[in-house]
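Trainee: Pasting in a structure now, in C-alpha cells, and then I'll have a few things to ask.
Numbering (full-length UniProt numbering), first residue to last: 1 to 257.
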C-alpha cells in the first residue's frame with residue numbers, strides 16, 4: 001500500500017465523519033449556546049486523546065500477522081456496513097443522506113429542549129449534544145487512523161491525513177456557519193465503503209495466512225473489483241421497487257452508518 005493510498009483512504013473516511021460531527025455541533029451552538037457546545041467539543045477531544053494514547057501502543061505490541069487479521073476483520077465489518085447503505089442509497093432503496101435537512105431537524109430539536117445549567121456549563125443540552133456527536137464520530141476517526149497507520153507502520157502519515165480532514169471540514173463549516181450540504185457525501189461514503197471493504201479483504205486474508213500475487217500491488221485489482229461489484233449491485237437493484245426513489249429524506253441518527 002503506497003503512502004498516497006494510505007493518506008487518501010484515511011482522509012476521505014475521516015472527512016465523512018467530520019462532516020457529520022460538524023452538523024451536530026453547529027446545531028447545538030446555533031440553537032442553544034456556543035460556549036457550552038464548545039465545552040462539549042473540548043471534553044470529547046480529551047476523551048478521544050486518551051483513547052488514542054491507549055489504543056496506539058496496544059496495537060503496536062500485536063504481531064503483524066495477528067494485527068492484520070484483527071484489523072482486516074474490523075475494517076471488513078465497517079466497510080460492508082458503509083457499502084451496503086451506499087448501494088441502497090444509490091439504487092433508490094434508502095433515502096439519500098442530506099446534511100442540510102439533518103441540520104434543520106437537529107436545530108428544531110435543540111430549540112425545543114429545556115435549558116439546564118450544571119456547574120460551569122451554562123446549557124447542559126448543548127454540551128451533551130456536542131460531546132456525544134464529536135465523541136462517537138471521533139472514535140471512528142481514531143480507529144481508522146490508528147489501525148491504518150499501525151498496519152502500514154506509518155502512524156504519523158495516517159494521523160496527518162485525519163487531522164487535515166478534520167481541520168478542513170471544521171474550518172469550512174464554521175466559516176459559513178452552516179453544514180457542508182454541497183459536499184458529495186453520498187458519493188464519498190460509497191468510495192470509502194469500497195476502500196474499507198477492499199483493505200479489510202486484503203489485510204484479513206494476509207492475517208489468515210494468504211499470500212497475494214504481487215503483494216501490495218494486488219490492491220490495484222482488489223479495489224476495482226469491489227467497486228465494479230458494488231456498482232453492479234446498484235444497477236441490478238434499480239430494477240427492483242424503489243420506495244425512496246422520489247424524496248430526499250433526512251435520517252436523524254447519531255449513528256448513521
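Note that beta-carbon positions come from the ideal geometry of N, C-alpha and C, so glycine has one too. Computed from a prediction, not measured in an experiment: that's the story for all the values here.
Exposed or buried, residue 240, counting other C-beta atoms within 10 Å across all chains shown (16 or more means buried)?
Mentor: That one is exposed.
Trainee: So does residue 84 have its beta carbon nearer than 6 Å to some heavy atom of the ligand COA?
Mentor: As for the ligand COA, it is missing from this structure, which has no ligand bound.
Trainee: The alpha helix (DSSP H) with residue 213 in it runs from where to where?
Mentor: Run containing residue 213: none; DSSP gives neither H nor E here.
Trainee: Measuring alpha carbon to alpha carbon, tell me which residue in 161, 163 and 42 is nearest residue 129.
Mentor: Cα-wise, what sits closest to residue 129 is 42.
Trainee: Let me confirm a value: residue 150 is counted as buried when at least 16 other C-beta atoms fall within 10 Å, else exposed. Which label applies?
Mentor: Buried, since its Cβ has 16 or more Cβ neighbours within 10 Å.
Trainee: Which of helix, strand or coil does DSSP assign to residue 121?
Mentor: Note: residue 121 maps to strand in three-state DSSP.
Trainee: Look at the alpha carbon of residue 174 and the alpha carbon of residue 45, and state the distance between them as a whole number of angstroms.
Mentor: Distance between the alpha carbons of residue 174 and residue 45 is about 18 Å.
Trainee: According to DSSP, simplified to helix, strand and coil, what is residue 205?
Mentor: Three-state DSSP puts residue 205 in a helix.
Trainee: Would residue 37 and residue 49 be called neighbours here (beta carbons separated by less than 7 Å)?
Mentor: Contact flag unset, no.
Trainee: Would residue 222 and residue 190 qualify as a contact pair, given that the criterion is a beta-carbon distance under 7 Å?
Mentor: No.
Trainee: Any idea what DSSP makes of residue 239, helix, strand or coil?
Mentor: Looking at residue 239 - three-state DSSP - the assignment turns out to be coil, as it is neither helix nor strand.
Trainee: May I ask which residues mark the beginning and end of the alpha helix (DSSP H) holding residue 33?
Mentor: Careful: residue 33 lies outside any alpha helix (DSSP H) and carries neither H nor E.
Trainee: How long is the line joining the alpha carbons of residue 69 and residue 206, rounded to whole angstroms?
Mentor: Residue 69 and residue 206: Cα-Cα distance of roughly 7 Å.
Trainee: Do the CB positions of residue 159 and residue 145 come within less than 7 Å of each other?
Mentor: Result yes, Cβ atoms of residue 159 and residue 145 sit closer than 7 Å.
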